[in-house]
Amino acid sequence: MHMQMQRRAIQPNDVSYAQAHEISGFRRLLFISGQLPQCEKCILPKDFEGQCRRAWANVEQQLKQAGMDFSNLVKVTTFLSERRLRERNYEIRREVLGEHTPALTVIIADLYEEGWMVEIEAIAAD
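FYI, our numbering numbers position 16 of the sequence shown as 19, with every residue one higher than the one before it.
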């Protein structure tokens, strides 16, 4: 008999993440590779909002393939191409995740492809 997964956000805050996210009694872990800001047809939105929403949609697609949703996220790492994108990134993440507070890291990085402004990788559990 399988125990039901327990989760606890440790020191959650009002900017949609927690300092840590503890889970126990889980059955599966899902490691989601960095999701790109473009669709399957390789169409890259020109603005940050479009790219950020596309990357989150790609994360959601991987979660759905595993029978999960955003509530299963326990760790998210977001790579931004520029520091000036932090505030809008937070606003969009808050819209997408609502009150859910996974552990979070945001890194300012030189991304793999020129033109990419964001990439999101994640870990989920159930």
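For every residue, glycine included, the Cβ atom is placed at its ideal position computed from N, Cα and C. Given the structure is predicted, the values throughout are model-derived calculations rather than measurements.
Just to confirm before moving on: does the CB-CB distance between residue i and residue j stay below 8 Å?
i: V77; j: I35; result: no
i: G28; j: Q9; result: yes
i: E124; j: G53; result: no
i: A128; j: N75; result: yes
i: R89; j: S19; result: no
i: A69; j: L33; result: yes
i: L47; j: G118; result: yes
i: L66; j: E122; result: no
Tell me which residues share the same chain as residue i and place their Cβ nearer than 8 Å to its Cβ, disregarding the 5 neighbours each side in the sequence.
i: I110; result: T80, T81, F82 and L83
i: A106; result: Y20, A21, Q22, A23, H24, V77, K78 and V79
i: M120; result: P40, F51, Q54, C55, L83, S84, E85, L88 and L114
i: Q7; result: G28
Could you pull out every residue in the same chain whose Cβ sits closer than 7 Å to the Cβ of residue i, ignoring the five residues on either side in sequence?
i: R56; result: I95
i: C42; result: R57
Since residue i is in the beta strand (DSSP E), which residue starts that stretch and which ends it?
i: G37; result: L32 to Q38
i: L47; result: Neither: L47 is in no beta strand (DSSP E) and is coded neither H nor E.
i: L107; result: A106 to I111
Kindly identify the DSSP beta-bridge partner or partners of residue i.
i: P15; result: A21
i: V121; result: L83
Mind checking which residues open and close the alpha helix (DSSP H) that includes residue i?
i: L76; result: No alpha helix (DSSP H) holds L76; the beta strand (DSSP E) holding it covers L76 to L83.
i: G53; result: F51 to Q68
i: L100; result: R89 to L100
Who are the Cβ neighbours of residue i in its own chain at under 6 Å, not counting the five residues just before and after it?
i: A12; result: A21, H24 and T104
i: R86; result: I111
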